[in-house]
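One structure below.
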Amino acid sequence: MTRTGSVPGRPFGRLLSAMVTPFRPDGSLDVDGAARLAAHLVDEQEHDGLVINGTTGESATTSDAEKDQVLRAVVEAVGDRATVIAGVGTNDTAHSVELTRAAEKAGADGLLVVTPYYNKPPQAGLVQHFRTVADASGLPVMLYDIPGRAGTAIETDSLCRLAEHERIVAVKDAKGDLGETAWVLKRTDLAYYSGEDKLTLPLLSVGAVGVVGVPTHVFGPETKAMITAYESGDVARARDLHLQLLPAFCGFFRTQGVILTKAALTLLGLPAGPVRPPLVGANAAELGRLREDCAEAGRTVGTADQMAHHNELGVAL
Numbered sequence: 479m480t481r482t483g484s485v486p487g488r489p490f491g492r493l494l495s496a497m498v499t500p501f502r503p504d505g506s507l508d509v510d511g512a513a514r515l516a517a518h519l520v521d522e523q524e525h526d527g528l529v530i531n532g533t534t535g536e537s538a539t540t541s542d543a544e545k546d547q548v549l550r551a552v553v554e555a556v557g558d559r560a561t562v563i564a565g566v567g568t569n570d571t572a573h574s575v576e577l578t579r580a581a582e583k584a585g586a587d588g589l590l591v592v593t594p595y596y597n598k599p600p601q602a603g604l605v606q607h608f609r610t611v612a613d614a615s616g617l618p619v620m621l622y623d624i625p626g627r628a629g630t631a632i633e634t635d636s637l638c639r640l641a642e643h644e645r646i647v648a649v650k651d652a653k654g655d656l657g658e659t660a661w662v663l664k665r666t667d668l669a670y671y672s673g674e675d676k677l678t679l680p681l682l683s684v685g686a687v688g689v690v691g692v693p694t695h696v697f698g699p700e701t702k703a704m705i706t707a708y709e710s711g712d713v714a715r716a717r718d719l720h721l722q723l724l725p726a727f728c729g730f731f732r733t734q735g736v737i738l739t740k741a742a743l744t745l746l747g748l749p750a751g752p753v754r755p756p757l758v759g760a761n762a763a764e765l766g767r768l769r770e771d772c773a774e775a776g777r778t779v780g781t782a783d784q785m786a787h788h789n790e791l792g793v794a795l
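Here our numbering = 1-based position in the sequence shown + 478.
Given below as structure tokens:
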């Protein structure tokens, strides 16, 4: 079976989610749940690929051994029909290299490498970091440009230099600067994926090819239809879908995105489980607003009875 990720210009497909990492009620890793959720996203939510062990996968609070377990489970579950990308970025180049080599051994199809966070390296340090990680395996690399979390943006000139590396092929763009993104797209062949769901359509207009989403856990087919409509030239249909989905695109981030994504999945009876500290489960008000946002976007999530009997979504409903 030829996977969407093999299409030139879209190295990882159109529709991807940064998948949550399911945990059991006691907070331990739910490997079977990860496999089942991955299969659901690919088979029912029309995903072309999944990012495992990213921020939404709570990579900050999972061990390297847990990262390896969940990645192997997902590769086994959907690796024959979807692109599996491993999040391997840290703020330590040597550690990122270790995770890169482990991901390649586990069967990943590609790597997501976030900008080193907290230590705020200069641009020369960023370029060296990304090149070193890309040199550590034979896998294609998607850079993750998210200055709001990392504290440092990957500047346009740096992105253009990094595009010269044969294995750096894509960017997950959460910078929110369409002008600078357009300049990179003009000067390079990098494939751009939206890292902010609400900006997917605007980014498509300047040359992006898809999204690595979060509300896409629940609104995958609709998001994919928006992308497909735009690519086929039906801009009005794409805009209508964008506006329909906007309450979900924004609503999942009324608090930290993992919290409400796991809440929505649990309300739908899908593997998710609790979040790990320092995150906390959604409270009753957040759950109520989540249901409203999803309903406005066209999807019923949870029942009134569930909402009446659960004030907090700490583990499961």
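All residues carry an ideal CB built from backbone N, CA and C; glycine is no exception.
As the structure is a prediction and not an experimental result, all values here were calculated from the model.
Inter-residue Cα distance where the pair is residue i and residue j
i	j	result
Ser615	Gly629	27 Å
His788	Ala516	Since pLDDT at His788 reaches only 49, below the 50 mark, its modelled position is unreliable, and no value is offered.
Arg817	Gly527	In the structure displayed, the chain extends from 479 to 795; residue 817 sits before or after that span and is not available.
Ala496	Thr694	9 Å
Ser506	Lys653	33 Å
Lys545	Asn531	6 Å
Gly691	Leu493	8 Å
Lys598	Ala631	9 Å
Arg579	Ala669	23 Å
Val793	Glu536	For Val793, the pLDDT reaches just 43, beneath the cut-off of 50, and the residue's location in the model is therefore unreliable, although a value from the coordinates is still provided. Near 15 Å, if we compare the C-alpha coordinates of Glu536 and Val793.
Ala560	His720	25 Å
Ala775	Ala686	23 Å
Val753	Thr568	20 Å
Glu700	Val684	21 Å
Thr778	Val529	26 Å
Val600	Ala612	Before going further, note that residue 600 is Pro rather than Val in the sequence given. Cα to Cα, Pro600 sits roughly 19 Å from Ala612.
Arg627	Leu757	15 Å
Phe490	Ala762	37 Å
Ile705	Asp635	28 Å
Val662	Ala564	24 Å
Leu791	Tyr671	Here Leu791 scores only 45 on pLDDT, less than 50, and its place in the model is too uncertain to base an answer on.
Pro625	Gly673	12 Å
Ala750	Thr744	6 Å
His525	Lys702	8 Å
Pro660	Arg514	The sequence shown places Ala at residue 660, not Pro. The alpha-carbon atoms of Ala660 and Arg514 are separated by roughly 38 Å.
Ala716	Ala707	5 Å
Gly657	Glu633	12 Å
Glu709	Arg502	40 Å
Ala742	Leu640	37 Å
Environment of residue i [buried if 16+ CB atoms lie within 10 Å]
i	result
Glu642	exposed
Ser541	exposed
Gly511	buried
Asp771	buried
Pro594	buried
Lys650	buried
Tyr799	With the chain running from 479 to 795 in the structure shown, residue 799 is simply not present.
His607	buried
Ala581	buried
Pro500	buried
Val800	An answer regarding residue 800 cannot be provided, because it is not within the stretch 479 to 795 covered by the chain.
Arg769	buried
Thr482	For Thr482, the pLDDT reaches just 43, beneath the cut-off of 50, and the residue's location in the model is therefore unreliable, leaving the point undetermined.
Ala648	buried
Ala602	exposed
Ala543	exposed
Cβ pair residue i, residue j closer than 9 Å
i	j	result
Val619	Val591	yes
Val425	Ala551	Not covered by the structure: residue 425. The range shown for the chain is 479 to 795.
Leu577	Val562	no
Thr539	Pro755	yes
Lys740	Gly766	no
Leu746	Gly711	no
Val689	Asp675	yes
Asp655	Leu617	no
Thr571	Val736	no
Phe697	Leu723	yes
Cys638	Arg665	yes
Leu589	Val605	no
Residues sharing a beta bridge with residue i, DSSP
i	result
Lys650	Tyr622, Tyr671
Ala564	Ile530, Leu589
Ser495	Leu528, Gly691
Leu507	Phe501
Is there contact between the segment 513 to 532 and the segment 669 to 679, where contact requires at least three CB pairs shorter than 8 Å? The segment 513 to 532 vs the segment 669 to 679: no contact.
Could you check whether the segment 547 to 567 touches the segment 716 to 735, counting it as contact only if at least three pairs of C-beta atoms, one from each stretch, sit closer than 8 Å? No, they do not touch.
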